[in-house]
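**Student:** Pasting in a structure now, in structure tokens, and then I'll have a few things to ask.
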Amino acid sequence: MCSKCSSKIPCSNTVCRHVNNIPTGKRQERIWDANVKLASASINAGLGERQVNTLLSGLNIPPVSHCMMSARQKDVGVALQEVAKETVDQALCEEVELTKRNKDQDSITAAVDAGWQMRGSGRSYNSLSGKGNPDMIKESILALSGHPFGQHERCNNTWCRFLDNPNEKFNSLPHGKPLTDGALQNDLKSVFTKYAENSGKLSSLGSTQANESFNRIVASKAPKQQHYSSSGSLNYRIAACVAQKNEGNKYILDVNKNMSVSPGYYTLRLAVLRDIQHRKRKAIANTYRFKQRRRNLKSTRHQKLATREVREGVTYSSGIGLEDHLSDDIEEIPSPSLQPAYQTIEWSTTVNNIFFDIEATGLARNSHITQISATSDKGSINTYVLPKKPITPKAQEITGIKVEGSKMFCHDKEVKSVGIKEALKMLILFLAQYKKNVIIGHNIKSYDLPVLFCALNNCSIMNEFSCSILGFLDTLQLFKSLLPGLTSYSQSNLYNTVLNETYDGHDSMEDVVALSRLFHHLAPSTEAKQLSSFSFDSAARRYDHNQKTKLLLPTLTPLTEKKVITLRTANVIAASGMSFSHLRISYARDGRQGIEDVLKEEDVNGKVRVTKSKKIVDAISDFFKSLKPDE
Numbered sequence: 001m002c003s004k005c006s007s008k009i010p011c012s013n014t015v016c017r018h019v020n021n022i023p024t025g026k027r028q029e030r031i032w033d034a035n036v037k038l039a040s041a042s043i044n045a046g047l048g049e050r051q052v053n054t055l056l057s058g059l060n061i062p063p064v065s066h067c068m069m070s071a072r073q074k075d076v077g078v079a080l081q082e083v084a085k086e087t088v089d090q091a092l093c094e095e096v097e098l099t100k101r102n103k104d105q106d107s108i109t110a111a112v113d114a115g116w117q118m119r120g121s122g123r124s125y126n127s128l129s130g131k132g133n134p135d136m137i138k139e140s141i142l143a144l145s146g147h148p149f150g151q152h153e154r155c156n157n158t159w160c161r162f163l164d165n166p167n168e169k170f171n172s173l174p175h176g177k178p179l180t181d182g183a184l185q186n187d188l189k190s191v192f193t194k195y196a197e198n199s200g201k202l203s204s205l206g207s208t209q210a211n212e213s214f215n216r217i218v219a220s221k222a223p224k225q226q227h228y229s230s231s232g233s234l235n236y237r238i239a240a241c242v243a244q245k246n247e248g249n250k251y252i253l254d255v256n257k258n259m260s261v262s263p264g265y266y267t268l269r270l271a272v273l274r275d276i277q278h279r280k281r282k283a284i285a286n287t288y289r290f291k292q293r294r295r296n297l298k299s300t301r302h303q304k305l306a307t308r309e310v311r312e313g314v315t316y317s318s319g320i321g322l323e324d325h326l327s328d329d330i331e332e333i334p335s336p337s338l339q340p341a342y343q344t345i346e347w348s349t350t351v352n353n354i355f356f357d358i359e360a361t362g363l364a365r366n367s368h369i370t371q372i373s374a375t376s377d378k379g380s381i382n383t384y385v386l387p388k389k390p391i392t393p394k395a396q397e398i399t400g401i402k403v404e405g406s407k408m409f410c411h412d413k414e415v416k417s418v419g420i421k422e423a424l425k426m427l428i429l430f431l432a433q434y435k436k437n438v439i440i441g442h443n444i445k446s447y448d449l450p451v452l453f454c455a456l457n458n459c460s461i462m463n464e465f466s467c468s469i470l471g472f473l474d475t476l477q478l479f480k481s482l483l484p485g486l487t488s489y490s491q492s493n494l495y496n497t498v499l500n501e502t503y504d505g506h507d508s509m510e511d512v513v514a515l516s517r518l519f520h521h522l523a524p525s526t527e528a529k530q531l532s533s534f535s536f537d538s539a540a541r542r543y544d545h546n547q548k549t550k551l552l553l554p555t556l557t558p559l560t561e562k563k564v565i566t567l568r569t570a571n572v573i574a575a576s577g578m579s580f581s582h583l584r585i586s587y588a589r590d591g592r593q594g595i596e597d598v599l600k601e602e603d604v605n606g607k608v609r610v611t612k613s614k615k616i617v618d619a620i621s622d623f624f625k626s627l628k629p630d631e
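What follows is the structure, encoded as structure tokens:
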């Protein structure tokens with residue numbers, strides 16, 4: 001055997017005496033085997049000559065000529081058609097056997113599909129689908145003329161959702177509403193009546209899933225955008241689809257054998273792998289769990305689409321910018337707003353601990369500061385602040401701070417006080433002396449920080465303050481992890497329990513000194529400190545979110561005053577970014593369903609925006625239903 005001269009080995013059949021010359025080289029006559037395989041591979045992959053040359057040039061391989069590619073595809077096409085015909089004959093024989101076995105008939109069941117569908121799974125035979133029910137098909141067909149028009153008297157609960165829930169929406173009709181054209185309904189009724197009269201014939205039909213699967217294969221090997229139907233290449237590609245449908249991906253090996261070229265190790269390896277993957281996908285797709293998940297995903301998609309339609313309103317319409325009556329319908333309801341999470345800081349030995357505390361005019365988060373105190377290993381600051389709000393009697397009793405005219409007194413002793421902006425700038429200058437400051441306070445997360453941030457925002461110096469701050473640490477959370485099981489975690493009780501001492505509480509300077517002693521005595525680990533810390537940016541984002549919630553909450557007063565919803569539910573609605581006007585727009589667009597869609601919309605984390613409670617949805621819907629148009 002000589003590969004250079006491409007010698008041939010004559011092989012004769014002892015019966016018919018036919019002699020077949022088997023080439024031993026890499027080409028036959030003047031045709032290289034590689035070009036033959038390239039033609040069959042391009043058809044199998046759904047590629048044309050331009051796509052093949054684009055791929056080759058990208059790999060820095062010389063392109064092939066159009067004439068060569070066309071000639072080799074014609075040669076391979078003949079082999080493809082022969083292989084496809086053999087697989088069809090084999091499949092027909094198998095279909096006849098299955099028909100005899102399952103239906104005791106000699107006839108063949110054929111499947112016809114007039115549509116070009118996208119869905120579909122692997123090979124299946126309609127002989128295995130069972131017998132039909134002509135009476136049920138007749139009733140269902142007759143019901144179709146009334147179903148899209150909101151008439152469900154003849155519908156079946158196996159496919160009509162309106163029988164269980166009359167408030168359902170039509171997924172494929174405008175705005176989910178039923179049709180109203182009586183003439184159209186009469187025409188549809190006459191069409192469906194003809195089909196109903198032939199229900200006996202229709203009941204014997206099987207599933208078109210196999211056809212849809214075949215359509216998918218055709219779409220992969222003969223993409224519509226390439227317009228192969230204007231050339232003979234389409235016949236070859238359809239033949240490849242038929243062979244793959246009947247025999248799987250290994251059909252390409254039969255084509256190579258027919259063309260007297262080597263099967264190819266990697267060709268066989270990939271074909272076997274693809275067929276194994278196909279069988280696995282088919283087996284998984286037939287499981288109850290997979291089908292249930294597919295239904296759930298479909299339901300979720302429909303829910304998201306319905307919610308977006310309610311939130312967005314009219315997004316496109318002729319002359320939409322000129323129509324005044326559409327102004328409400330084009331307003332977009334904001335998507336669910338998430339409460340920012342606190343993020344821990346990276347604790348290191350270079351962190352500078354600043355123990356911090358404030359006193360204020362009351363317990364409200366918008367109270368005015370009356371005293372600011374901070375201390376570290378390198379210095380301290382203690383400033384009294386003259387508030388613009390009156391100090392509540394309770395706060396005055398606890399802190400001992402009171403204001404008379406323009407003078408401030410602490411436990412009846414006059415103290416020097418400054419304005420809030422000056423006091424905050426003094427604090428900023430104190431912090432600017434150090435780097436990587438971490439402000440440490442007891443219950444700082446829920447009280448001290450909101451009051452401090454409110455003052456910084458009012459004075460427009462939040463950015464200046466942030467320049468010297470790495471983050472914060474709440475010792476309430478820290479001490480709960482270090483000392484579990486205590487009855488009280490107030491700072492005074494902790495100080496007495498741990499150090500067996502007492503101190504003058506509710507004086508911010510005394511508080512920070514006591515907190516510093518307590519902190520250093522317990523000596524928490526780096527990991528414990530990091531877990532109880534949070535960054536400045538995350539605290540600022542949380543504060544901004546809470547402020548927006550407070551602005552939206554008063555708009556929901558009409559609902560809370562009339563006991564339509566509780567204050568807690570109103571807080572959840574406001575925290576999600578919705579106001580009273582957004583709920584009203586939702587109801588105007590789609591009634592009760594619109595309210596339900598926006599309330600149970602899921603955020604990016606999969607959590608419900610407000611609630612799924614039908615009781616709350618009904619209460620809000622009834623409230624808007626009772627309002628007059630001008631309210």
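Just so you know, we're using full-length UniProt numbering here: the sequence shown kicks off at 1 and counts up by one. For every residue, glycine included, the Cβ atom is placed at its ideal position computed from N, Cα and C.
#1: Quick check: residue 428 and residue 473, are their CB atoms within less than 7 Å of each other?
#2: Please report the residue range of the beta strand (DSSP E) in which residue 155 lies.
#3: Any idea if residue 453 is buried or exposed, counting beta-carbon neighbours within 10 angstroms, 16 or more meaning buried?
#4: If you follow the beta strand (DSSP E) that residue 358 is part of, which residue opens it and which one closes it?
#5: Assign residue 605 to one of two classes, buried (16 or more other C-beta atoms within 10 Å of its C-beta) or exposed (fewer than that).
#6: Leaving out five residues before and five after residue 564 in sequence, what residues of the same chain have Cβ atoms less than 7 Å from its Cβ?
#7: In or out: residue 15 buried (at least 16 other Cβ within 10 Å) or exposed?
#8: Out of 385, 170, 373, 351, which one is the CA nearest neighbour of residue 367?
#9: Classify residue 578 as buried or exposed, calling it buried when 16 or more other Cβ atoms lie within 10 Å of its own Cβ.
#10: For residue 371 versus residue 508, is the C-beta spacing smaller than 7 Å?
#11: Compute the Euclidean distance between the alpha carbons of residue 584 and residue 426, then round it to the nearest angstrom.
#12: Alpha carbon to alpha carbon, how far is residue 146 from residue 72?
#13: Within the continuous beta strand (DSSP E) that includes residue 428, where are the two ends?
#14: Report yes or no: do three or more beta-carbon pairs, one from the segment 138 to 158 and one from the segment 185 to 202, lie closer than 8 Å?
#15: Taking residue 384 as part of the alpha helix (DSSP H), name the residues at either end of that continuous run.
#16: What residue from 249, 296, 304 has the CA that sits closest to residue 277's CA?
#17: So, are the CB atoms of residue 435 and residue 351 less than 7 Å apart?
#18: Once the 5 residues before and after residue 490 are set aside, which same chain residues still bring their CB inside 7 Å of it?
#19: Is the distance from the Cβ of residue 76 to the Cβ of residue 39 below 7 Å?
#20: State yes or no: is the C-beta of residue 654 within less than 7 Å of the C-beta of residue 576?
#21: In chain order, what residues of the same chain have a beta carbon less than 8 Å from the beta carbon of residue 543, not counting five sequence neighbours either side?
#22: Compare the beta carbon distance of residue 142 and residue 154 with 7 Å and say whether it is the shorter of the two.
#23: On a CA-only basis, which of 557, 21, 55 is nearest residue 259? Give me that one, please.
#24: Using DSSP with H/G/I as helix, E/B as strand and the rest coil, what is residue 622?
#25: Going along the chain, which unbroken runs of the alpha helix (DSSP H) with 4 or more residues stay wholly within the segment 258 to 301?
#26: Hey, could you find the ends of the beta strand (DSSP E) residue 374 is sitting in?
#27: Return the first residue and the last residue of the alpha helix (DSSP H) that residue 194 is part of.
#28: Which value, in whole angstroms, describes the spacing of the CA atoms of residue 74 and residue 183?
#29: Taking the alpha carbon of residue 641 as the point to measure from, which residue in 557, 504, 211, 424 has its own alpha carbon closest?
**Tutor:** Taking the geometry as given:
#1: no
#2: Careful: residue 155 lies outside any beta strand (DSSP E) and carries neither H nor E.
#3: buried
#4: Annotation for residue 358: the continuous beta strand (DSSP E) segment containing it runs 352 to 360.
#5: exposed
#6: 619, 620, 623
#7: exposed
#8: 385
#9: buried
#10: yes
#11: The C-alpha of residue 426 is placed about 48 Å away from the C-alpha of residue 584.
#12: Spanning the two alpha carbons is a distance of roughly 57 Å.
#13: Unbroken run through residue 428 is the alpha helix (DSSP H), 420 to 432; no beta strand (DSSP E).
#14: yes
#15: Secondary structure note for residue 384: it is in no alpha helix (DSSP H), and the uninterrupted beta strand (DSSP E) holding it is 379 to 385.
#16: 249
#17: Note that the C-beta distance between residue 435 and residue 351 is not below 7 Å.
#18: The beta carbon of residue 490 lies closer than 7 Å to none in the same chain, with the five residues before and after it left out.
#19: yes
#20: Look at the range of the chain in this structure, 1 to 631, and you will see that residue 654 is not part of it.
#21: 449, 450, 453
#22: yes
#23: 21
#24: helix
#25: Within the segment 258 to 301, the complete alpha helix (DSSP H) runs of at least 4 residues are 265 to 285.
#26: 369 to 376
#27: 182 to 197 is the extent of the alpha helix (DSSP H) around residue 194.
#28: 54 Å
#29: The requested residue 641 does not occur in the structure, where the chain is confined to residues 1 to 631.
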